[in-house]
Amino acid sequence: MIRATVLVIIAAVALVSCGAPIVSDEFRSISDRDSLGRFAFDLDMSDSLVRYDIAFYTRVDSGEKSFSQMSDIPINVEFTAPSGEVYSEDIYWPKSSFNTERMGTYDSCVDYRVSCEPVEYGMWKMCLTVAPVRGLCGVGVILSSKK
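Quick note: the sequence shown, position 39, residue 19 per this note's numbering, numbers continuous.
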């Protein structure tokens, strides 16, 4: 009887400690950009026991000809750490990542960082400056945490 109770307790602890990843998803429409024309997001990376995945998604509504002339999209990614330190890099959103099955509506979701560990834990601010794209509806960010 004691052995069965111990096994039940161990199983319960194992289930609780294997929690599902926590996911936050925020979307900013083209009209939600800040005064500098950036898409701004707050990312909660305060748990030092997890790794974080960051993905970007968007939709472009345009004609087939306009989309075919589009190239990879330049983006400046700027992070502000909880301490105020600023980190920045330039990346490209690959045109090849867009789903072309529905003519006129092109969706894309790309991984930006996978299993990253921030240099500082806490609330981070991320701003995306996206080059002008005809028909861009906005940009979304998915932050996932996993143990």
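Glycine included, C-beta positions come from ideal geometry on N, C-alpha and C. The structure displayed is predicted, hence computed values, not measured ones.
{"query": "Since K126 is in the beta strand (DSSP E), which residue starts that stretch and which ends it?", "result": "116 to 126"}
{"query": "Excluding five sequence neighbours on each side, which residues of the same chain lie with their C-beta closer than 6 Å to the C-beta of P74?", "result": "D52"}
{"query": "On the criterion of 16 or more Cβ atoms from any shown chain inside 10 Å, does M25 qualify as buried, or is it exposed?", "result": "buried"}
{"query": "Who are the Cβ neighbours of L23 in its own chain at under 6 Å, not counting the five residues just before and after it?", "result": "W104, M106, L123"}
{"query": "Just reading off the alpha helix (DSSP H) that F78 is part of, what are its end residues?", "result": "That residue, F78, is in no alpha helix (DSSP H); it is neither H nor E in DSSP."}
{"query": "How would you write the range of the alpha helix (DSSP H) that E44 sits in, first residue to last?", "result": "44 to 49"}
{"query": "For Y86, count the other beta carbons within 10 Å of its own beta carbon; 16 or more makes it buried, fewer makes it exposed. Which is it?", "result": "buried"}
{"query": "Taking the alpha-carbon of T38 as reference, which of P112, F78, S11, T60 has the nearest alpha-carbon?", "result": "F78"}
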